[in-house]
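Visitor:
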Amino acid sequence: MAESRSPIDASVYRLAYLGLARQVTGRATLTTEELHHEYGGKPDAKKLDQSIVQLAFQQGLNKQQVFDLLAVSPQIQHALKQEGQSIEQVKQYAIHLIQHTRNQGSSREQRALPSIVSKEPRSQ
Numbered sequence: 001m002a003e004s005r006s007p008i009d010a011s012v013y014r015l016a017y018l019g020l021a022r023q024v025t026g027r028a029t030l031t032t033e034e035l036h037h038e039y040g041g042k043p044d045a046k047k048l049d050q051s052i053v054q055l056a057f058q059q060g061l062n063k064q065q066v067f068d069l070l071a072v073s074p075q076i077q078h079a080l081k082q083e084g085q086s087i088e089q090v091k092q093y094a095i096h097l098i099q100h101t102r103n104q105g106s107s108r109e110q111r112a113l114p115s116i117v118s119k120e121p122r123s124q
């Protein structure tokens, strides 16, 4: 996910997510703080993420880029920090969104996610 990349890459994904969130919500002045306050752990967060995934694919991002983009979503950040969910649970959320969002792009984008994403169920 984006956090495993360089700080510059993570910043780019945060800015990209914010830009897409502004498009989806129609709020040109939406800030990162407002985004996290209004969507982190809230019911509408999944809808926002779904819309952002769809828009990202429409704009030509591939699955890995969308996966990295989701790493900075308020929902995922909230799940990691406040809810204490494991990284595997968060990855499954991102995989689910990517696989179930319409307009996933061209057939080359339909390939499986990279090997960094474990598809095996987490043992408990």
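At position 38 of the sequence shown the residue is numbered 38 (the UniProt record's numbering), and the sequence of numbers has no breaks. Where is the CB? At the ideal position from N, CA and C, for every residue including glycine. None of these values were measured; they are calculated from a predicted model.
So, at 7 Å on beta carbons, what are the nonlocal neighbours of K46 in its own chain, with the 5 sequence-adjacent residues on each side left out?
Guide: Position 46 of the sequence shown, counted from the first residue, corresponds to residue 46. Correct list, in chain order: Q75.
Visitor: Is L97 near L80, with beta carbons less than 8 Å apart?
Guide: For this step, residue 97 is matched to residue 97 along the sequence shown. For this step, residue 80 is matched to residue 80 along the sequence shown. Not in contact: L97 and L80 (Cβ atoms no closer than 8 Å).
Visitor: Report back the beta-carbon spacing between Q89 and G41 to the nearest angstrom; my notes put them in contact at under 8 Å.
Guide: As a position in the sequence shown, residue 89 is number 89, starting the count at 1. As a position in the sequence shown, residue 41 is number 41, starting the count at 1. In fact, because the Cβ distance is near 14 Å, the residues do not count as touching under 8 Å.
Visitor: When the Cα atoms are used, what is the spatial distance from A10 to T25?
Guide: The residue you call residue 10 lines up with position 10 of the sequence shown. The residue you call residue 25 lines up with position 25 of the sequence shown. Roughly 22 Å separates the two Cα atoms.
Visitor: Measuring CB to CB, does T101 end up less than 8 Å from F57?
Guide: Along the sequence shown, one-based indexing puts residue 101 at 101. Along the sequence shown, one-based indexing puts residue 57 at 57. Yes, these two residues count as a Cβ contact at 8 Å.
Visitor: Given this structure, state the Cα-to-Cα distance separating H36 from K63, to the nearest angstrom.
Guide: In the sequence shown, residue 36 corresponds to position 36, counting from 1. In the sequence shown, residue 63 corresponds to position 63, counting from 1. Roughly 23 Å between the two C-alpha positions.
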